[in-house]
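Same order as they appear, the protein sequences are chains W and A. 1 is the number of the first residue of the first sequence in the numbering used here; add one for each residue after it. 194 is the number of the first residue of the second sequence in the numbering used here; add one for each residue after it. Backbone N, C-alpha and C fix where the C-beta goes; we use that ideal spot for every residue, glycine too. Fair warning: this is a prediction, and the values are worked out from it, not measured in the lab.
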Amino acid sequence: MLFTLSVSALVLLSLAFGALLGFAAIRFKPEGDPIIDEIDALLPQTQCGQCGFPGCKPYATAIANGEDINKCPPGGQATIDTIAVLLDVEPMSLDAEHGEEKARTVAVIREDECIGCTICIQACPVDAILGAQKQMHTVIESECTGCDLCVEPCPVDCIDMVPVATTLQSWHWDQPKMGVELIPAKQISSETH
Amino acid sequence: MSELNNTNQQFYALPGGVHPPENKAQSNQQPIQAGPIPDELVLPLSQHIGAPSKVIVEIGQKVLKGELIARNDGFISANIHAPTSGTISAIEQRPIVHPSSMDAMCIIIEPDHYDTWTNRSPILDFKTLTNAQLVEKIQQAGIIGMGGAGFPTHVKYPTKTDNIDTLIINATECEPYITADDRLMRERADGIIKGIEICQQILSPKQVFIGIEDNKPEAVKALEAAVLKSESNNISVRVFPTKYPSGGEKQLVYILTGKEVPKGGLPSQVGIVCQNIGTIYAIYDAVMNDNALISRVTTVTGDAGGELGNYEILIGTPINALLSHVKWNEKSAQRVIIGGPMMGFTAQNLSAPLVKNANCLLVPKKKELAKQNPANPCIRCGQCEQVCPAGLLPQQLHWYAKNDDFEKAKLANLADCIECGACSFVCPSQIPLVQFYRYAKGKIREEDRAHAEAERAKARFEARQARLDIVAAEKAEKRKIRAEKAARSAKAKKTGTVPDADLIAKARAKIEAGKAANSSIVAPIIDLVSLEQTLEKAKTKVITTKKRIEDSKVSAPEMIDALEIALGKFVDNANKAQITFDEAKKAGTNTAQIVDPKTTAITNADNFECIESLTAKANKAQDKLEKAKQRLADAKENTPEKVEMLTTSLEKFSQKAIDTQAQLKAFTSKANSNTKASEQVVNQKEVEQVDVEQLQNAYDLAKQKHEKALVRLDNAKQDKPHLVDGLEKNVSAFLKKSEELKKHLDQAVANDPQALEKQKNVAKQKLEKATKKLENILQKLEDAKANKPDLVPAFEKTVILMQTQFEKAKAAVTALENSPITVQSELNLSQPEMIVEVLETVEELQPQYDQALQKYEKALVRLDNAKQDKPHLVDGLEKNVSAFLKKSEDLKIKLDQALSNDPQAKQKQRVILEANAQKAQKKLDVMLSKLEDAKANNPDLIPAFEKSVKTLQTKLDKANAQLKEEA
Chain W
1 MLFTLSVSAL
11 VLLSLAFGAL
21 LGFAAIRFKP
31 EGDPIIDEID
41 ALLPQTQCGQ
51 CGFPGCKPYA
61 TAIANGEDIN
71 KCPPGGQATI
81 DTIAVLLDVE
91 PMSLDAEHGE
101 EKARTVAVIR
111 EDECIGCTIC
121 IQACPVDAIL
131 GAQKQMHTVI
141 ESECTGCDLC
151 VEPCPVDCID
161 MVPVATTLQS
171 WHWDQPKMGV
181 ELIPAKQISS
191 ETH
Chain A
194 MSELNNTNQQ
204 FYALPGGVHP
214 PENKAQSNQQ
224 PIQAGPIPDE
234 LVLPLSQHIG
244 APSKVIVEIG
254 QKVLKGELIA
264 RNDGFISANI
274 HAPTSGTISA
284 IEQRPIVHPS
294 SMDAMCIIIE
304 PDHYDTWTNR
314 SPILDFKTLT
324 NAQLVEKIQQ
334 AGIIGMGGAG
344 FPTHVKYPTK
354 TDNIDTLIIN
364 ATECEPYITA
374 DDRLMRERAD
384 GIIKGIEICQ
394 QILSPKQVFI
404 GIEDNKPEAV
414 KALEAAVLKS
424 ESNNISVRVF
434 PTKYPSGGEK
444 QLVYILTGKE
454 VPKGGLPSQV
464 GIVCQNIGTI
474 YAIYDAVMND
484 NALISRVTTV
494 TGDAGGELGN
504 YEILIGTPIN
514 ALLSHVKWNE
524 KSAQRVIIGG
534 PMMGFTAQNL
544 SAPLVKNANC
554 LLVPKKKELA
564 KQNPANPCIR
574 CGQCEQVCPA
584 GLLPQQLHWY
594 AKNDDFEKAK
604 LANLADCIEC
614 GACSFVCPSQ
624 IPLVQFYRYA
634 KGKIREEDRA
644 HAEAERAKAR
654 FEARQARLDI
664 VAAEKAEKRK
674 IRAEKAARSA
684 KAKKTGTVPD
694 ADLIAKARAK
704 IEAGKAANSS
714 IVAPIIDLVS
724 LEQTLEKAKT
734 KVITTKKRIE
744 DSKVSAPEMI
754 DALEIALGKF
764 VDNANKAQIT
774 FDEAKKAGTN
784 TAQIVDPKTT
794 AITNADNFEC
804 IESLTAKANK
814 AQDKLEKAKQ
824 RLADAKENTP
834 EKVEMLTTSL
844 EKFSQKAIDT
854 QAQLKAFTSK
864 ANSNTKASEQ
874 VVNQKEVEQV
884 DVEQLQNAYD
894 LAKQKHEKAL
904 VRLDNAKQDK
914 PHLVDGLEKN
924 VSAFLKKSEE
934 LKKHLDQAVA
944 NDPQALEKQK
954 NVAKQKLEKA
964 TKKLENILQK
974 LEDAKANKPD
984 LVPAFEKTVI
994 LMQTQFEKAK
1004 AAVTALENSP
1014 ITVQSELNLS
1024 QPEMIVEVLE
1034 TVEELQPQYD
1044 QALQKYEKAL
1054 VRLDNAKQDK
1064 PHLVDGLEKN
1074 VSAFLKKSED
1084 LKIKLDQALS
1094 NDPQAKQKQR
1104 VILEANAQKA
1114 QKKLDVMLSK
1124 LEDAKANNPD
1134 LIPAFEKSVK
1144 TLQTKLDKAN
1154 AQLKEEA
């Protein structure tokens, strides 16, 4: 009697909780693949396409589907490492095929030479170039991701990629060098011999 | 009276903290001295937190002491004033006091050393001013937090101040060496209390605490004395034990009130406003004396500092100017530190200016401050954790910062670190911990900024994608609509042919009706023929439908019902047609009997009609036969099951074709015999004329068809090789037909003596028609050139077509004319009574000739025009011209002939010419009168009239000349 009671109690409980879990799984189902969004959040959003995908989100999707994580030069090693941690995979070094890690740049239009063709405006993935037909164009520096995509199509080559200068606002202290590391291990070994 | 009871004072003990050597005695013994007026003052536009100020002066401009030279740019920003009178010598990038040793935009003033003040309006009682006015004064004076961070002070005094219950005055000055606030309190306590009262009025707090460490007893005494003098009764001086860093804002708030400012928050969130003592004095100075913040008290200390003490320096005084003023020992100095030994940083460039928040210049000797030794590894002793005033875990933060693990550093509340340096001070491994935190903080800030930028870029990218998608969708939609429209119009075209066909049928019916009305004789015959045709058609339809039903029984049973219904209809139609045909036949025979004298003619016509219809039928049958053959061949390749059926139909078709041809032959022979028989009948003349004309027309039609078929064949050869066979047969059929018709025509012509003449007439009529058409189209082309340039190519095409037609007609006429001339001349020779006719032709020929000449001239003009504009038309027009020339020459010859034949011709010609001349004269007169009218009424028409007058004049001249010639 006691046995059946306990068994039925357990069965009832398991059914109840199963139903609850099932309901929660349907009710609180996240929209889209959350891992894609997580990877996308780690990518630098330059939308430069150097990875071979048309933007950061597509690359994030590709990574979620097993693409290599080392194809993002603007993100650099830091991004690769964080993605490696996120996906729990072995971190790898940046694939040189897709470019090198460079200091952040912004596009600057040499405005005297601009002919107002609007081609760069169409090329800019983040609408950071302002201008109109036969009017001088200019780059909204704060919105420029430095993706390089406007340089190639410019018919008069008037766009430069200028490294972002450190300002008083963006300056920060460097990491101090630890004293111990200043003494090379080789010297110690040569001294001991 | 305020109650002061030091023994009852409460304070909360600060967690952590250190006790570094104070070293304050070196500088706090001397009173505040005036600083130097240096050779130039450098005023950075960004001495405060927030937006850099906006320059409102120009280079070369003279400024007075206290004059505004840079205005605040936004709410969190501060004004900058000229610290002394002088000239703006430059506005440029200069090195500033900043750990980065970077340059920043500065206003450079070259002092004139007169130190002339601008106009000021000091007040005696600040209570007459409203809070807003007081805050305005603070803002105008450009006061910022002088303790260190440099936060614009006016921002701390919001207009709504309900929730502020405590005002804390930070008089702690906890950092070693610095004594600027100490001296200020000792010497200017009254001013400070006045400043506190001003702040009290603005904030109306319940209590005011002046927090001060117990290492400044003189200052405490001075303040207490001043507080006793004050009218305010809730100011209390709170003295607490010296400990570094109790002067930190959050730390002081905790010590005095026990409240903790929330993480990342401001003291105002717990109802507290905290103000530095130096700032308070600046507020007093600004409100009461109308002095802007143009100077401050700065400590110069350190063993290499020379004359140590506190100096009231002008803002913007370069470091080296002050140091040389105090006669510093440059050689023995280890370095120059801006700020204290714990939180200060080394000045990289001594030409950098001292700004509003520079409270100390520390110039230690080489051994005074311990040199930073190479750091040893962390031994996890935990001393740093014990001294951290913010309650953090410095060694953990160190590990995270060292390994760039900023996420974890954030989780360990790195942001709450006040960078006091207590941890570094106690570290046995001499690890520069604060520098690690500063590095980590900077890195995190950078990352956050990058992340914010990335988010913005993402948002912009997505917005752009969305926009592009919308545009693409709109385009696709438009394309779709266009495609639908095109499909609809194509459909409409397809269905539109039906009404066209209807129209044609109607027109035909009309024409037939007209014909019937014109000649009641022919009508019944035509009726009969057409009825017979309908009957035939109905019959064939019945047959085909029956066949289809049989077919569909095999292939598509669902169609049978519909087909049976159709069959019923067709059978009905056939029956009706049969009945009407029979009736018409009866009626026809009746009419034929009634109009007895013309019976033969009728039969003749009947025959010819029949021949024609039969020929058409035969051709149709032939066509069908060909088609059927082709289909059979196709079917043999593709659908063998249909072969049998097709073969039977083919047999039927061939049978039909043979039958029709036999019928045709019978009729033709009959017709021939009839025609021969009718030769003798005079009455027949009319009918025969009709015959010849009809035959001529039919022949021309057949020829045209043949040519068209040839063209089609050529086209098909290029595009559709599978159609070539069929078309070739078509062509040969047409050729045959046209040959047959030609024969008939020839026969008819041979039978009819006047046939040639008639033929000629027909050809001439055609020629005239063609000419007219050509002229019309040329006119249209000219119009189009003037008005609708886009229609020009179409018209040009038509012109070329017309020209070829015209030439053909022309050729036909000349071909016919060659023979009739001889006939005519023969006639002339044989029959003298025909001369009258010839004479008539002279009269006819003259205007014709004139017309031809005119046309020729026109064509010449056109050719000239074309040579200029349309080179591709030149060839055609040249042909035209030569044709006209030929025609006119022909006519000339004829005219001459006619003239030579006619003795009276010359006279007649003369009459004609005179008439011409008179006509021209009349026209000219009319035109001249019109011109006069136009001159009076319509001046814009004058040129047109003048032109026509000119042409008429030339015509008249010509006519006169001709007349003279003849004479």
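Applying the criterion that 16 or more other CB atoms from any shown protein chain within 10 Å of the CB defines a buried residue, is residue 306/A buried or exposed? Against the second sequence, residue 306/A aligns to sequence position 113. Result: exposed.
By a C-beta neighbour count over all protein chains shown, 10 Å radius and 16 as the cutoff for buried, is residue 277/A buried or exposed? What you label residue 277/A is simply residue 84 of the second sequence in a count that begins at 1. It counts as buried.
Is the stretch 479-489 of chain A touching the stretch 242-251 of chain A in the sense that three or more CB pairs, one from each, lie closer than 8 Å? no
Using the Cα positions of residue 1044/A and residue 1110/A, report the straight-line distance between them to the nearest angstrom. Here residue 1044/A is taken as the residue at index 851 of the second sequence, counted from 1. Here residue 1110/A is taken as the residue at index 917 of the second sequence, counted from 1. Computed Cα separation, rounded: 15 Å.
Hey, how far is the Cα of residue 203/A from the Cα of residue 411/A? To locate residue 203/A, count along the second sequence from 1; it is residue 10. To locate residue 411/A, count along the second sequence from 1; it is residue 218. Taking the straight line from one Cα to the other gives about 21 Å.
Chain A residues whose Cβ lies nearer than 9 Å to that of residue 87/W: Numbered from 1 along the first sequence, position 87 holds the residue referred to as residue 87/W. In chain order: nothing, as chain A lies at least about 16 Å away.
Which residues, in chain order, does the stretch 1040-1054 of chain A contribute to contact with chain W at a C-beta distance below 7 Å? none
Cβ of residue 619/A versus every heavy atom of the ligand GTP: is any distance shorter than 7 Å? This structure simply doesn't include the ligand GTP, nor any ligand for that matter.
Assigned secondary structure, residue 487/A (DSSP; H/G/I helix, E/B strand, else coil): Numbered from 1 along the second sequence, position 294 holds the residue referred to as residue 487/A. Note: residue 487/A maps to coil in three-state DSSP.
Could you give the DSSP three-state label for residue 492/A: helix, strand or coil? Working through the second sequence from its first residue, we reach residue 492/A at position 299. Note: residue 492/A maps to strand in three-state DSSP.
Residue range of the alpha helix (DSSP H) that includes residue 282/A: Locating residue 282/A in the second sequence gives position 89, where the first residue counts as 1. Note, residue 282/A: premise wrong, no alpha helix (DSSP H); beta strand (DSSP E) at 279-288.
Coil, strand or helix - residue 317/A by DSSP: Residue mapping note: residue 317/A aligns to position 124 of the second sequence, counting from 1. Three-state DSSP puts residue 317/A in coil, outside helix and strand.
What does DSSP give as the partner residue(s) for residue 546/A in the beta ladder? The residue you call residue 546/A lines up with position 353 of the second sequence. Answer is 511/A, bridged to residue 546/A.
Alpha carbon to alpha carbon, how far is residue 626/A from residue 588/A? Give it in angstroms, no decimals. The residue labelled residue 588/A in the question sits at position 395 within the second sequence. The residue labelled residue 626/A in the question sits at position 433 within the second sequence. Each residue's alpha carbon lies about 8 Å from the other.
Per DSSP, cross-strand counterpart(s) of residue 195/W: Residue numbering for chain W in the displayed model covers 1 to 193; residue 195/W lies beyond these limits and cannot be assessed.
Partner residues on chain W for residue 632/A, Cβ-Cβ distance less than 9 Å: Position 439 of the second sequence holds residue 632/A. Residues of chain W passing the Cβ test: 172, 173, 174, 175 and 176.
Which class does residue 387/A belong to by DSSP, given the choice of helix, strand or coil? In the second sequence, the residue the question calls residue 387/A occupies position 194. Helix at residue 387/A.
Where residue 204/A sits in the DSSP three-state scheme: Locating residue 204/A in the second sequence gives position 11, counting from the first residue. Reduced to three states, the DSSP call for residue 204/A is coil.
Given this structure, state the Cα-to-Cα distance separating residue 56/W from residue 479/A, to the nearest angstrom. Reading the first sequence from its first residue, position 56 is the one you call residue 56/W. Reading the second sequence from its first residue, position 286 is the one you call residue 479/A. Taking the straight line joining both Cα atoms gives about 55 Å.
Going by beta-carbon coordinates alone, are residue 73/W and residue 94/W separated by less than 8 Å? Position 73 of the first sequence, counted from the first residue, corresponds to residue 73/W. Position 94 of the first sequence, counted from the first residue, corresponds to residue 94/W. Yes, they are a contact pair.
Jot down the residue ranges of each uninterrupted beta strand (DSSP E) in the stretch 541-622 of chain A, minimum 3 residues, whole runs only, in chain order. 553-555
Taking just the CA atoms, how far does residue 1140/A sit from residue 1149/A? By one-based count along the second sequence, residue 1149/A stands at place 956. By one-based count along the second sequence, residue 1140/A stands at place 947. Rounded to the nearest angstrom, the two C-alpha atoms are 14 Å apart.
Residue 154/W versus residue 26/W: straight-line alpha-carbon distance, rounded: Residue numbering aside, residue 154/W sits at position 154 when the first sequence is read from its first letter. Residue numbering aside, residue 26/W sits at position 26 when the first sequence is read from its first letter. Between residue 154/W and residue 26/W, the C-alpha separation is close to 51 Å.
Would you be able to state if there are at least three C-beta pairs under 8 Å between the stretch 270-285 of chain A and the stretch 360-367 of chain A? no
Inter-residue Cα distance where the pair is residue 128/W and residue 568/A: Within the first sequence, residue 128/W is the residue found at index 128, counting from 1. Within the second sequence, residue 568/A is the residue found at index 375, counting from 1. Cα to Cα, residue 128/W sits roughly 46 Å from residue 568/A.
Which residues of chain W have a Cβ atom closer than 7 Å to the Cβ of residue 635/A, listed in chain order? As a first step, residue 635/A must be located in the second sequence, where it is residue number 442. Within 7 Å Cβ-Cβ: 172 and 173.
Beta carbon of residue 333/A nearer than 8 Å to that of residue 427/A: The residue you call residue 333/A lines up with position 140 of the second sequence. The residue you call residue 427/A lines up with position 234 of the second sequence. No, Cβ-Cβ distance for residue 333/A and residue 427/A is not below 8 Å.
Label residue 574/A either buried or exposed according to how many other C-beta atoms from any shown protein chain fall within 10 Å of its C-beta, with 16 as the threshold for buried. Counting from one through the second sequence, the residue named residue 574/A turns up at place 381. By the 10 Å Cβ count, residue 574/A comes out exposed.
With a threshold of 8 Å between beta-carbons, can residue 667/A be considered close to chain W, or not? Here residue 667/A refers to the residue found at position 474 of the second sequence. Answer no: the Cβ-Cβ gap between residue 667/A and chain W never drops below 8 Å.
Short of 7 Å Cβ to Cβ, which residues in the stretch 111-138 of chain W face chain A? 125, 126 and 127
Run of the beta strand (DSSP E) containing residue 303/A, from where it starts to where it stops: In the second sequence, the residue the question calls residue 303/A occupies position 110. Unbroken beta strand (DSSP E) run through residue 303/A: 296-304.
Specify whether the stretch 452-469 of chain A and the stretch 293-310 of chain A touch according to this definition: at least 3 beta carbon pairs, one from each stretch, less than 8 Å apart. no
Beta-carbon of residue 293/A versus every beta-carbon of chain W: anything under 8 Å? Your numbering for residue 293/A matches position 100 in the second sequence. Residue 293/A counts as touching chain W.
Pop quiz: residue 1117/A and residue 1146/A are said to be a contact at Cβ under 8 Å. What is the actual Cβ separation, rounded to whole angstroms? Walking along the second sequence from the start, residue 1117/A turns up at place 924. Walking along the second sequence from the start, residue 1146/A turns up at place 953. With 8 Å as the limit, residue 1117/A and residue 1146/A qualify as a contact, their Cβ atoms being about 6 Å apart.
Own chain, CB closer than 8 Å to residue 228/A, minus 5 neighbours either side, in chain order: To locate residue 228/A, count along the second sequence from 1; it is residue 35. Here the set comprises 488, 491, 504, 505, 506, 507, 510, 515 and 518.
Would the beta-carbon of residue 1055/A fall within 8 Å of that of residue 967/A? In the second sequence, residue 1055/A corresponds to position 862, counting from 1. In the second sequence, residue 967/A corresponds to position 774, counting from 1. Cβ atoms of residue 1055/A and residue 967/A: not closer than 8 Å.
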